[in-house]
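A.B. asks: So that we are looking at the same thing, I have put the structure below in structure tokens.
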Amino acid sequence: APSTQGALLYLSQYGYLGATHINKNNSGALVDEKTFQKGIEDFQMFAGLDITGKLDAQTIEAMSLPRCGVKDKVGTGDNRAKR
Amino acid sequence: YALQGSRWKVKNLKYRITKYPSNLKRSAVDSTIQKAFNVWSEYTDLTFTPSSGNVHIDIRFEKGEHGDGDPFDGPGGTLAHAYFPVYGGDAHFDASERWTVDSYSGTNLFQVAAHEFGHSLGLSHSDVREALMAPFYRGYDPVFSLNEDDIYGIQALYGKKTKKSSRPSYDNDDGDYDESNVNNRKEPAPKPSSGGSNADLCKDPKIDTIFTSADGQTYVFKGDKYWRLTDTSIAPGYPKPISSNWPGLPGNIDAAFTYKNGKTYFFKGSKYWRYVGSKMDGAYPKEISAGFTGIPDNIDTAVVWSGNGKIYFYKGTKFWRFDPSARPPVKSVYPKPISNWEGLPDNLDAGFQWSNGYTYFFKDNGYYRFNDKAFAVDRVSPAFPRDSRYWWFGCENAPEGT
Numbered sequence: 117a118p119s120t121q122g123a124l125l126y127l128s129q130y131g132y133l134g135a136t137h138i139n140k141n142n143s144g145a146l147v148d149e150k151t152f153q154k155g156i157e158d159f160q161m162f163a164g165l166d167i168t169g170k171l172d173a174q175t176i177e178a179m180s181l182p183r184c185g186v187k188d189k190v191g192t193g194d195n196r197a198k199r
Numbered sequence: 004y005a006l007q008g009s010r011w012k013v014k015n016l017k018y019r020i021t022k023y024p025s026n027l028k029r030s031a032v033d034s035t036i037q038k039a040f041n042v043w044s045e046y047t048d049l050t051f052t053p054s055s056g057n058v059h060i061d062i063r064f065e066k067g068e069h070g071d072g073d074p075f076d077g078p079g080g081t082l083a084h085a086y087f088p089v090y091g092g093d094a095h096f097d098a099s100e101r102w103t104v105d106s107y108s109g110t111n112l113f114q115v116a117a118h119e120f121g122h123s124l125g126l127s128h129s130d131v132r133e134a135l136m137a138p139f140y141r142g143y144d145p146v147f148s149l150n151e152d153d154i155y156g157i158q159a160l161y162g163k164k165t166k167k168s169s170r171p172s173y174d175n176d177d178g179d180y181d182e183s184n185v186n187n188r189k190e191p192a193p194k195p196s197s198g199g200s201n202a203d204l205c206k207d208p209k210i211d212t213i214f215t216s217a218d219g220q221t222y223v224f225k226g227d228k229y230w231r232l233t234d235t236s237i238a239p240g241y242p243k244p245i246s247s248n249w250p251g252l253p254g255n256i257d258a259a260f261t262y263k264n265g266k267t268y269f270f271k272g273s274k275y276w277r278y279v280g281s282k283m284d285g286a287y288p289k290e291i292s293a294g295f296t297g298i299p300d301n302i303d304t305a306v307v308w309s310g311n312g313k314i315y316f317y318k319g320t321k322f323w324r325f326d327p328s329a330r331p332p333v334k335s336v337y338p339k340p341i342s343n344w345e346g347l348p349d350n351l352d353a354g355f356q357w358s359n360g361y362t363y364f365f366k367d368n369g370y371y372r373f374n375d376k377a378f379a380v381d382r383v384s385p386a387f388p389r390d391s392r393y394w395w396f397g398c399e400n401a402p403e404g405t
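Sequence order for the protein chains is A and B. Following this note's numbering, the residues of the first sequence are numbered contiguously, the last one being 199. Following this note's numbering, the residues of the second sequence are numbered contiguously, the last one being 405.
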């Protein structure tokens, strides 16, 4: 089951932390609580869970499911430079 | 559904499998991958052809770090990933997984591949839990069908199918029906024999099974023979041997139904068969215990109930509900008594949903019309059970009292 750090990695890997990128090698990356909570909420919404904003049992269970490696949030294009 | 933002400019796509998994035969992988592509060509004009040399979609089974900076993580966790068209469309599968075909154990290659190819074609993950493009692997689904969310998504990218397919067009309906039409449609009316021979059915109307195929035809099975029903009687030229239209299928079938994926399932003893139209859809028979875990052998009948689109199996005094998308597909509260279905008798012979939206059950000489909205056999005059010979098979006279 993912710890908070595991959850951060998960959220980053599947696109829930926006531009914040976390991997196993820079696990000390600073993510404020608000970003983490927003990431959890977005994941819960996407996975059809109760939206608590907390790393609760249902969220941990959903994060433990086998899944596709493609990001759930592939970006809205908001961060693209104007041509 | 969600679109990533890129798509292929051409509709005739080529693919190649450059690296195979170690635990499956190449031929099994080849056929499963093609079948997974067919999921998408079923509803669009896209075609997918295996090829060598330059291809659009390259498919590989890889372990750990495999050169794209997105390493796999061993068994479980991430199963596969694929690239959107703008990034090349390639699909990579974690070779550490135990990939399987038509089995509840391991990870089902067909379902995962069909999902990944959705990415290869430009679909992102859907937040519709039942959709193929939902990100989570839900376990083996023996009666897989593409969710309408996926169909809308792929057709938003590539348009609806315009070319005729050799396969039947599948019914995308979710099992609900238009109530306004139900009341306007009539019961099968009595009519004299219409050129076919209904002698067997008139002499002994007890049938083995009745079902409607994906193209809307209704068939009755009895022994080694089958009849096609018209709105009022039986069609000319029947009966015919079951094997003449469903090669490989034995006689004395216990039950049959057509699921919303357009495939027809036949049950006999401990085995079942799956057909697309008249063609057996793979290597059958298979064990009911493997494909429909939780359902007993030697069932009496099975229906897809319009009330919720789930599959109901009946045997003796009990029934089971099978939900292919649930784990387990049969909840522990089953079996339940058939008496829960108000007005239905035990030991049914056959059942199916007819074109008027009602579910009909047959037993011995008679039949019952079940009102899915009221959840009870209709209380109308003449009362049910009515005589199947007169009302369904076009036999000359209804016996007295029916």
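Just so it is clear, CB atoms sit at the ideal spot from N, CA and C, and this is done for glycine as well.
Where are the beta strand (DSSP E) runs, 3 residues long or more, that stay fully inside the stretch 71-120 of chain B, in chain order?
C.D. replies: 81-85 and 94-97, all fully within the stretch 71-120 of chain B.
A.B. asks: At a Cβ cut of 7 Å, what residues of the stretch 131-143 of chain B count as close to chain A, listed as they run along the chain?
C.D. replies: Of all residues in the stretch 131-143 of chain B, 132, 138, 139 and 140 have a Cβ within less than 7 Å of some Cβ in chain A.
A.B. asks: Would a C-beta distance cut-off of 9 Å place residue 96/B and residue 42/B closer than the cut-off?
C.D. replies: Not a contact, by the Cβ cut-off of 9 Å.
A.B. asks: Under DSSP, the alpha helix (DSSP H) around residue 68/B begins and ends at which residues?
C.D. replies: Residue 68/B -> no alpha helix (DSSP H), and no H or E assigned at all.
A.B. asks: Taking a cut of 9 Å between CB atoms, which residues from the stretch 83-111 of chain B lie near chain A?
C.D. replies: Hits within the stretch, in order: 83, 84, 85, 86, 87, 95, 97, 100 and 110.
A.B. asks: Out of 139/B, 232/B, 211/B and 46/B, point me to the one whose CA is closest to residue 221/B's CA.
C.D. replies: Of the candidates 139/B, 232/B, 211/B and 46/B, the one whose C-alpha sits nearest the C-alpha of residue 221/B is 232/B.
A.B. asks: Pull the bridge partners of residue 136/B from the DSSP assignment, please.
C.D. replies: None; residue 136/B has no bridge partner.
A.B. asks: Determine the DSSP secondary structure at residue 237/B, reduced to helix, strand or coil.
C.D. replies: DSSP places residue 237/B in strand when its eight states are reduced to three.
A.B. asks: State yes or no: is the beta carbon of residue 150/A nearer than 9 Å to at least one beta carbon in chain B?
C.D. replies: For residue 150/A, the answer is no, since every Cβ of chain B falls outside 9 Å of its Cβ.
A.B. asks: Tell me whether residue 19/B sits in a helix, a strand or coil according to DSSP, three-state version.
C.D. replies: If DSSP states are grouped into helix, strand and coil, residue 19/B belongs with the strands.
A.B. asks: For residue 3/B and residue 217/B, what's the separation of their Cα atoms in angstroms?
C.D. replies: The requested residue 3/B is not part of the displayed model; chain B covers only 4 to 405.
A.B. asks: Name the DSSP bridge partner or partners of residue 390/B?
C.D. replies: Partner(s): 369/B.
A.B. asks: On the DSSP bridge assignment, give the partners of residue 379/B in chain order.
C.D. replies: Note: residue 379/B sits in a beta bridge opposite 345/B and 374/B.
A.B. asks: Ignore the nearest five residues each way along the sequence and tell me which others in residue 190/B's own chain have a CB closer than 6 Å to its CB.
C.D. replies: Legend: pLDDT at residue 190/B = 41, less than 50; position of this residue unreliable, no value from coordinates given.
A.B. asks: Are there 16 or more other CB atoms within 10 angstroms of the CB of residue 378/B, so buried, or fewer, so exposed?
C.D. replies: Exposed is the call here.
A.B. asks: State yes or no: is the C-beta of residue 237/B within less than 9 Å of the C-beta of residue 224/B?
C.D. replies: Going by C-beta atoms, residue 237/B is not nearer than 9 Å to residue 224/B.
A.B. asks: Hey, residue 210/B and residue 258/B are a contact pair by Cβ (cut 8 Å); roughly how many whole angstroms apart?
C.D. replies: With a Cβ gap of about 11 Å, residue 210/B and residue 258/B do not count as contacting.
A.B. asks: Using a Cβ-Cβ distance under 9 Å, would residue 362/B count as near chain A?
C.D. replies: Closer than 9 Å: no.
A.B. asks: Beta-carbon separation of residue 117/B and residue 40/B under 9 Å?
C.D. replies: Contact flag set, yes.
A.B. asks: At a CB distance below 8 Å, what residues from the stretch 337-361 of chain B approach chain A? Give them in sequence order.
C.D. replies: The stretch 337-361 of chain B vs chain A, Cβ under 8 Å: nothing.
A.B. asks: Looking only at its own chain, which residues have a Cβ that is under 7 Å from the Cβ of residue 155/B, when we skip the five neighbours before and after it?
C.D. replies: Hits under 7 Å: 4.
A.B. asks: How would you label residue 163/A, buried or exposed, when you count the other beta carbons within 10 angstroms and need 16 or more for buried?
C.D. replies: Looking at its Cβ environment, which holds 16 or more other Cβ atoms inside 10 Å, residue 163/A is buried.
A.B. asks: Give me the Cα-Cα distance between residue 319/B and residue 285/B, rounded to the nearest whole angstrom.
C.D. replies: For residue 319/B and residue 285/B, the distance between alpha carbons rounds to 31 Å.
A.B. asks: Starting from residue 185/A, find everything on chain B with Cβ-Cβ shorter than 7 Å and list it in chain order.
C.D. replies: Per Cβ cutoff of 7 Å: 73, 81, 83 and 84.
A.B. asks: With a cut-off of 8 Å on the beta carbons, I'd call residue 165/A and residue 153/A a contact; round off their distance for me.
C.D. replies: Not quite, the Cβ-Cβ distance comes to about 14 Å (not below 8 Å), so this is no contact.
A.B. asks: Strictly under 9 Å for the Cβ-Cβ distance: is residue 158/B near chain A by that measure?
C.D. replies: Not one chain A Cβ lies under 9 Å of residue 158/B.
A.B. asks: The beta strand (DSSP E) spanning residue 231/B covers which residue range?
C.D. replies: From DSSP, the beta strand (DSSP E) with residue 231/B extends over 228-232.
A.B. asks: Provide the residue(s) that pair with residue 340/B in DSSP beta bridges, ordered along the chain.
C.D. replies: The partner list for residue 340/B (beta bridge, DSSP) reads 321/B.
A.B. asks: Taking Cβ-Cβ distances shorter than 8 Å, what residues in chain A pair up with residue 7/B?
C.D. replies: Under the 8 Å cutoff, chain A gives 190.
A.B. asks: In this structure, does DSSP put residue 181/B in helix, strand or coil?
C.D. replies: Low local confidence applies: a pLDDT of 24 at residue 181/B is under 50, so the model's placement there is unreliable, and no value is given.
A.B. asks: If I follow the unbroken beta strand (DSSP E) through residue 277/B, where does it start and stop?
C.D. replies: Residue 277/B -> beta strand (DSSP E) spans 274-279.
A.B. asks: Quick one: measure Cβ to Cβ for residue 144/B and residue 327/B, integer angstroms, because I've assumed they're closer than 8 Å.
C.D. replies: Confirmed, about 5 Å.
A.B. asks: I'd like to know if residue 133/A contacts chain B, where contact means its C-beta is closer than 9 Å to some C-beta of that chain.
C.D. replies: No, because no Cβ of chain B sits closer than 9 Å to the Cβ of residue 133/A.
A.B. asks: Return the first residue and the last residue of the beta strand (DSSP E) that residue 222/B is part of.
C.D. replies: 221-225 is the span of the beta strand (DSSP E), which, as asked, contains residue 222/B.
A.B. asks: Any C-beta of chain A sitting closer than 9 Å to the C-beta of residue 335/B?
C.D. replies: Closer than 9 Å: no.
A.B. asks: For residue 172/B, count the other beta carbons within 10 Å of its own beta carbon; 16 or more makes it buried, fewer makes it exposed. Which is it?
C.D. replies: Low confidence applies here, because residue 172/B scores a pLDDT of 31, under 50, leaving its location unreliable; read the following figure in that light. Label assigned to residue 172/B: exposed.
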